[in-house]
Amino acid sequence: MKITHKLAQNIVNKTMNILGKNINIMDENGVIIASGDKSRLNQFHEGAAQVIKEGKKLEIYSKDINHLVGAKPGINLPIEHNNKIIGVVGITGEPNEVSPFGEVIKMTVEMMLQQEFLLKEIQLEKQARENFIHDLISGRIGNDSDLFLTRGQIVGNFHRLPPLFNKIRIEYRVSRQERERKGK
Numbered sequence: 001m002k003i004t005h006k007l008a009q010n011i012v013n014k015t016m017n018i019l020g021k022n023i024n025i026m027d028e029n030g031v032i033i034a035s036g037d038k039s040r041l042n043q044f045h046e047g048a049a050q051v052i053k054e055g056k057k058l059e060i061y062s063k064d065i066n067h068l069v070g071a072k073p074g075i076n077l078p079i080e081h082n083n084k085i086i087g088v089v090g091i092t093g094e095p096n097e098v099s100p101f102g103e104v105i106k107m108t109v110e111m112m113l114q115q116e117f118l119l120k121e122i123q124l125e126k127q128a129r130e131n132f133i134h135d136l137i138s139g140r141i142g143n144d145s146d147l148f149l150t151r152g153q154i155v156g157n158f159h160r161l162p163p164l165f166n167k168i169r170i171e172y173r174v175s176r177q178e179r180e181r182k183g184k
């Protein structure tokens, strides 16, 4: 999964409204793709790149900012999806102030991303079922029973289709079996 600017900015806005601290989200390359501070968008964040490389939280103190390109004081944590680091979430502020919020913000971001992923997956499955039914009704599948069965299995169990299509499927199978018996 790739974090989009739109989704990341939505997460940043919602989180900042609750927390009252600046939040940044960086992509898998360490580039800031969402922030409460719009001037930081599209800038490279060396601290985030380090988090991606090492896979662990990084605390950046005021004394460290001269050594890390694009960094401000705060904490940065890896964003994980399916056991893979897909980005970094950062909270601006002195680490001793913002650290208590870190894991909660990380978990919130990961849950929001998972929810978005699941919603997209549901939409794709629904679209695949609709396309299958449309192709079935319009005759685009034709007499190719293997294609019919394969696409039907891809979009899910036939018992999920409306009863009318179960009847069509049964009649289609019967007519196929009759053709095979007749040698056609």
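Going by UniProt numbering, the sequence shown opens with residue 1, and the numbers climb by one from there. From the three backbone atoms N, C-alpha and C, an ideal C-beta is built for every residue, glycine too.
{"Query": "Tell me the DSSP bridge mates of residue 34?", "Result": "25"}
{"Query": "Just verifying my parser: in three-state terms, what is the DSSP assignment at residue 237?", "Result": "The requested residue 237 is not part of the displayed model; the chain covers only 1 to 184."}
{"Query": "My assumption, with CB atoms under 8 Å, is that residue 30 sits in contact with residue 44. Please give the rounded CB distance.", "Result": "6 Å"}
{"Query": "Taking only runs that begin and end inside the UniProt domain \"Putative sugar diacid recognition\" (3-136), name each unbroken beta strand (DSSP E) of 3 or more residues, in chain order.", "Result": "23-26, 32-35, 58-60, 74-81, 84-92"}
{"Query": "How many Å lie between residue 96 and residue 47 at the Cα?", "Result": "17 Å"}
{"Query": "Leaving out five residues on either side along the sequence, give the residues of the same chain with a beta carbon under 6 Å from the beta carbon of residue 26.", "Result": "32, 45, 48, 87, 88"}
{"Query": "Is it true that the CB of residue 39 sits closer than 8 Å to the CB of residue 24?", "Result": "no"}
{"Query": "Should residue 155 be labelled buried (16 or more other beta-carbon atoms within 10 Å of its own) or exposed?", "Result": "buried"}
{"Query": "Measure the C-alpha to C-alpha separation of residue 12 and residue 152 and round it to an integer number of angstroms.", "Result": "40 Å"}
{"Query": "Determine the contact status of residue 58 and residue 42, defining contact as a CB-CB distance below 8 Å.", "Result": "no"}
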